[in-house]
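First residue of the sequence shown: 42, per the working numbering; consecutive thereafter. Each residue gets a CB set at the ideal place from its N, CA and C atoms; glycine is no exception. The structure presented is a predicted model; accordingly, all values stated were derived computationally and were not measured.
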Amino acid sequence: MKITFYGHASLGIEVNDVNILVDPFISANEKASHINVEELKADYILVTHAHQDHILDVEAIAKRTNAVIISNAEIATYYQNKGFEAHPMNHGGHWDFEFGTVKYVVALHSSSFPDGTYGGQPGGFVIEGEHKNIYIAGDTALTYDMQLIPLRTKLDLAILPIGDNFTMGVDDAITASDFVECDKVLGYHFDTFGYIEIDHEEAKRKFFDNDKDLMLLEIGESIEL
42 MKITFYGHAS
52 LGIEVNDVNI
62 LVDPFISANE
72 KASHINVEEL
82 KADYILVTHA
92 HQDHILDVEA
102 IAKRTNAVII
112 SNAEIATYYQ
122 NKGFEAHPMN
132 HGGHWDFEFG
142 TVKYVVALHS
152 SSFPDGTYGG
162 QPGGFVIEGE
172 HKNIYIAGDT
182 ALTYDMQLIP
192 LRTKLDLAIL
202 PIGDNFTMGV
212 DDAITASDFV
222 ECDKVLGYHF
232 DTFGYIEIDH
242 EEAKRKFFDN
252 DKDLMLLEIG
262 ESIEL
């Protein structure tokens, strides 16, 4: 499993020959100006919630690639009504896709499209691949529901928001990693704009002091699990 950070909360995931994009917000992110959206491959697009900084490039990419959009029922229906192929889910449900099993889990946030359309309840994704399991938290506060995840799935990586103000900050993300029982964390949803700028070295130190590994990737950088 190869994971690429495209800035903000945008991720690319490669599992064998399957390409997955998560919350593509790239074309309007000045920090990701070196990423060519037209070159990104996508068989599936996972959408955690409907805010513009998570769905901006969904339609353009799905139109070009014919990717299947995976999200909650309201978001899936929104895109189906526009002619896109989508797979609806809701909290607690899972589905077996060609790249692994996806479970839609609770996130504590808000969700509405830029045009004001209701975007359903926000969520995160637990992906169980053939060899590795990951948790993509989405935009969320710290919540006790995270403790349910390790009851079913042993995680190899937790992808957690750390920018604070709109989501968890670093301190709550450390607690979240305890809740999900995963000490290997990829931080995201930080630095894109002023409200969520962080001190990278301080964040890494806090995780290190709690015997945890926080990875902060450069935009376009990848890791392999």
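Report task. Pair every Cβ in the region 119-132 with every Cβ in the region 71-84, then say whether three or more of these pairs are closer than 8 Å. Result -> no
Report task. Starting from Lys-43, follow its DSSP beta bridges and name the residues at the other end. Result -> Glu-55, Glu-265
**Report entry** Coarse secondary structure for Thr-106, derived from DSSP in three states
**Finding:** helix
**Report entry** Ile-67 versus Leu-257, Gly-48, Val-56, residue with shortest Cα-Cα distance
**Finding:** Gly-48
Report task. Report the rounded CA-to-CA distance for Ser-51 versus Ile-76, giving the unit in angstroms. Result -> 11 Å
Query raised in the report: Thinking C-alpha only, which one of Tyr-119, Ser-112, Val-78 is nearest Ala-69?
Result: Val-78
Query raised in the report: Under a three-way DSSP split, which group does Ala-148 fall into?
Result: coil
Query raised in the report: In three-state DSSP terms, what is Glu-253?
Result: According to the sequence shown, residue 253 is Lys rather than Glu. Three-state result, Lys-253: coil.
Requested in this report: State yes or no: is the C-beta of Ile-110 within less than 8 Å of the C-beta of Val-146?
Outcome: no
Requested in this report: Please name the residue, chosen from Ile-175, Lys-72, Met-256, Ile-177, that lies closest to Gly-235 on a Cα-to-Cα basis.
Outcome: Lys-72
Requested in this report: In the DSSP assignment, find the alpha helix (DSSP H) that holds Ile-168 and state where it starts and stops.
Outcome: It is not in any alpha helix (DSSP H) - Ile-168 instead sits in the beta strand (DSSP E) that spans 164-169.
Report task. May I have the straight-line CA-CA distance separating Asp-212 from Ala-182, to the nearest angstrom? Result -> 11 Å
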